[in-house]
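J.: Sharing a structure, written as C-alpha cells. Questions coming.
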C-alpha cells in the first residue's frame, strides 16, 4: 500500500548533501580556535590559566621564594586576572583588569599585554594597605620538569572494612595567608608595641620584627572563639581575638587594613568550624 495521497514520502540525501552535512558536523566538533589574547597569554611561561587561588598559594609557598609571582584567571569576572605574589611568609593576590583595549594594574594602565609584560620584566615594587613591599623578581613557570619515576607497590591491604564511597570526604585546610605589621597590647604591662604578624593555615604568629626568624608566640586559631572590632582601648582601627585564657588587642594603621585582617581571621574561624562539623558528622554516621 503506497503513501497517503498528498503525503510526503521519505527524503533521501544525495551524496553531495550527505557530504555537506558531514562537513558541517565535523566543523562543530572541532575545538574553537583560541582568541588572540588567550593565545598571547598562553605564550607566557608564567601564565597559569585556570589555576585556583588555593593551588597558587600552595605552589608559591612550597616551591617559590620572596618575589615569586604568577598570573592566572580570576574567578570573579571574565575581564579580571589575578597576580599571585609570594612575600616572606604569605601570598598576596592583586587584580589585573583587561578593559578590552588595555590592561590596568595598580596605578598604571598598559596599552597591550606586551607592555604589561615589559613592566614586570623591570621588577616593579608593589605594596598594599599592610605596608608590606614586594619586588616582583621571579616569574613562576607553568611547566616544571620533574623526573618520571614511580614507586612500586610492595604492601597493599585494607585498614578498614564496610566503608563506602560516601566515606571518602576530600578535606584539606585552606592556606589563606597574610602578613604585616600590627600594634599589639602587652599582656602584663599594657603598653603597645609594633610586631610583625604572619597568618598561615590555622596559626597566627607574631615576631619582634620582619627580620626575626623565631616567633614570640604562635596562636592556635582552633582555640579562638571570636574576632571583632574593639572600641574599648581608646585607639582607632583596633580589633581583638578572644581566646579562653586571654583576649589579644591589635591595631592596624588604617581602617581598610584592620578590616582585611578581621575578614580573613573570621573566614579562618568559619572554615575551622565547618571542618569540625564535617568531621563530627562523618564520625556519627
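In full-length UniProt numbering, the protein residues as written are 1 to 285. Ideal Cβ placement from N, Cα and C applies to all residues, glycine included. Bear in mind that the values here come from a model prediction, so they are computed numbers and not experimental data.
1) Exposed or buried, what is residue 149 when buried is set at 16 or more other beta-carbons lying within 10 Å of its beta-carbon?
2) Assign residue 261 to one of two classes, buried (16 or more other C-beta atoms within 10 Å of its C-beta) or exposed (fewer than that).
3) Nearest to residue 196 by alpha carbon, out of 188, 184 and 190?
4) Alpha carbon to alpha carbon, how far is residue 215 from residue 157?
5) Measure the alpha-carbon distance for residue 33 versus residue 24 and round it to whole angstroms.
6) What runs of the alpha helix (DSSP H), each 4 residues or longer, lie entirely inside the region 71-134?
7) Secondary structure at residue 33, three-state DSSP: helix, strand or coil?
8) Specify, as a first and last residue, the run of the alpha helix (DSSP H) that residue 217 falls within.
9) Do you know offhand how far residue 147's Cα is from residue 137's?
10) For residue 44, which of 94, 88, 118 and 100 has the nearest alpha-carbon?
11) Could you pull the start and end residues of the alpha helix (DSSP H) that residue 57 belongs to?
12) Taking the straight line between their C-alpha atoms, what separation do you get for residue 51 and residue 84?
13) From what residue to what residue does the beta strand (DSSP E) around residue 228 run?
14) In the DSSP assignment, find the unbroken beta strand (DSSP E) run with residue 180 in it and report its ends.
15) If you count every other CB in all the chains shown that lies within 10 Å of the CB of residue 72, and 16 or more means buried, which is it?
16) Given residue 241, which residues of its chain have a CB within under 6 Å of its CB, disregarding the five upstream and five downstream residues?
17) For residue 195, which three-state DSSP category applies?
18) Helix, strand or coil: how does DSSP classify residue 170 here?
19) Using a threshold of 7 Å, state whether the C-beta atoms of residue 90 and residue 179 are closer than that.
20) By a C-beta neighbour count over all protein chains shown, 10 Å radius and 16 as the cutoff for buried, is residue 278 buried or exposed?
21) Using the Cβ count rule (16 or more neighbours within 10 Å means buried), how would you classify residue 57?
22) Report the partner residues of residue 68 according to the DSSP bridge assignment.
23) Taking the Cβ atom as the reference point for each residue, do residue 80 and residue 97 lie within a distance shorter than 7 Å?
24) Taking residue 287 as part of the beta strand (DSSP E), name the residues at either end of that continuous run.
25) Just to confirm before moving on: does the CB-CB distance between residue 250 and residue 199 stay below 7 Å?
26) Relative to the C-alpha of residue 269, which candidate in 209, 202, 116 and 193 has its C-alpha closest?
27) Along the chain, where does the beta strand (DSSP E) that runs through residue 247 open and close?
28) Just mark residue 112 as buried or exposed, buried being the case when its beta carbon has 16 or more other beta carbons within 10 Å.
29) Is residue 219 buried or exposed, if buried means 16 or more other CB atoms sit within 10 Å of its CB?
30) Cα-Cα, which of 265, 92, 243 and 237 is closest to residue 258?
T.: Inspection of the coordinates gives the following:
1) Indexing the chain shown from 1 puts residue 149 at position 149. Exposed, since its Cβ has fewer than 16 Cβ neighbours within 10 Å.
2) Locating residue 261 in the chain shown gives position 261, counting from the first residue. Buried, by the Cβ-count rule.
3) Counting from 1 along the chain shown, the entry for residue 196 is found at position 196. That would be 184, whose Cα lies nearest to the Cα of residue 196.
4) Mapped onto the chain shown, residue 215 falls at position 215. Mapped onto the chain shown, residue 157 falls at position 157. Approximately 42 Å, taken between the alpha carbons.
5) Working through the chain shown from its first residue, we reach residue 33 at position 33. Working through the chain shown from its first residue, we reach residue 24 at position 24. Because residue 33 sits at a pLDDT of 49, beneath the cut-off of 50, its placement in the model cannot be relied upon, and the following sentence gives the value as read from the coordinates. Roughly 16 Å separates the two Cα atoms.
6) 113-121
7) Locating residue 33 in the chain shown gives position 33, counting from the first residue. With a pLDDT of 49 at residue 33, under the threshold of 50, the modelled position of this residue cannot be trusted, and the question is left open.
8) By one-based count along the chain shown, residue 217 stands at place 217. Looking at the DSSP string, residue 217 is not in any alpha helix (DSSP H); the run it does join, the beta strand (DSSP E), is 217-220.
9) Indexing the chain shown from 1 puts residue 147 at position 147. Indexing the chain shown from 1 puts residue 137 at position 137. Taking the straight line joining both Cα atoms gives about 26 Å.
10) In the chain shown, counting from the first residue as 1, residue 44 sits at position 44. When only C-alpha atoms are compared, the closest one is 118.
11) Translated into positions along the chain shown, residue 57 becomes position 57. Looking at the DSSP string, the run of the alpha helix (DSSP H) that includes residue 57 is 53-63.
12) The residue given as residue 51 occupies position 51 in the chain shown. The residue given as residue 84 occupies position 84 in the chain shown. Roughly 11 Å between the two C-alpha positions.
13) Translated into positions along the chain shown, residue 228 becomes position 228. Run containing residue 228: 226-229, per the beta strand (DSSP E) assignment.
14) Stepping through the chain shown from its first residue, residue 180 is reached at position 180. 178-185 is the extent of the beta strand (DSSP E) around residue 180.
15) The count along the chain shown starts at 1 and reaches residue 72 at position 72. So residue 72 ends up on the buried side.
16) Here residue 241 refers to the residue found at position 241 when the chain shown is read from its first residue. Same-chain partners within the cutoff: 224, 227 and 248.
17) Position 195 of the chain shown, counted from the start, is the residue given in the question as residue 195. Residue 195 falls in the strand class under three-state DSSP.
18) Indexing the chain shown from 1 puts residue 170 at position 170. Coil at residue 170, not helix or strand.
19) Translated into the one-based positions of the chain shown, residue 90 becomes position 90. Translated into the one-based positions of the chain shown, residue 179 becomes position 179. For residue 90 and residue 179, yes; Cβs fall inside 7 Å.
20) Here residue 278 refers to the residue found at position 278 when the chain shown is read from its first residue. By the neighbour-count rule (16 or more Cβ atoms within 10 Å), residue 278 is not buried but exposed.
21) Working through the chain shown from its first residue, we reach residue 57 at position 57. Answer is buried; the Cβ neighbour count reaches 16.
22) One-based indexing of the chain shown puts residue 68 at position 68. In DSSP, residue 68 forms a bridge with 138.
23) Position 80 of the chain shown, counting from 1, holds the residue named residue 80. Position 97 of the chain shown, counting from 1, holds the residue named residue 97. Taking 7 Å as the Cβ cut-off, residue 80 and residue 97 qualify as a contacting pair.
24) Beyond the ends of the chain as shown, which are 1 and 285, falls residue 287; an answer cannot be given.
25) By one-based count along the chain shown, residue 250 stands at place 250. By one-based count along the chain shown, residue 199 stands at place 199. No, the Cβ-Cβ distance between residue 250 and residue 199 is not below 7 Å.
26) Taking the first residue of the chain shown as 1, we reach residue 269 at position 269. Comparing Cα positions, the closest option is 202.
27) What you label residue 247 is simply residue 247 of the chain shown in a count that begins at 1. Counting along the chain, the beta strand (DSSP E) containing residue 247 begins and ends at 247-251.
28) Your numbering for residue 112 matches position 112 in the chain shown. It is exposed - the Cβ of residue 112 has fewer than 16 other Cβ atoms within 10 Å.
29) Within the chain shown, the letter at position 219 stands for residue 219. Residue 219 is buried by the Cβ-count criterion.
30) Numbered from its first residue, the chain shown carries residue 258 at position 258. Considering only alpha carbons, the answer is 237.
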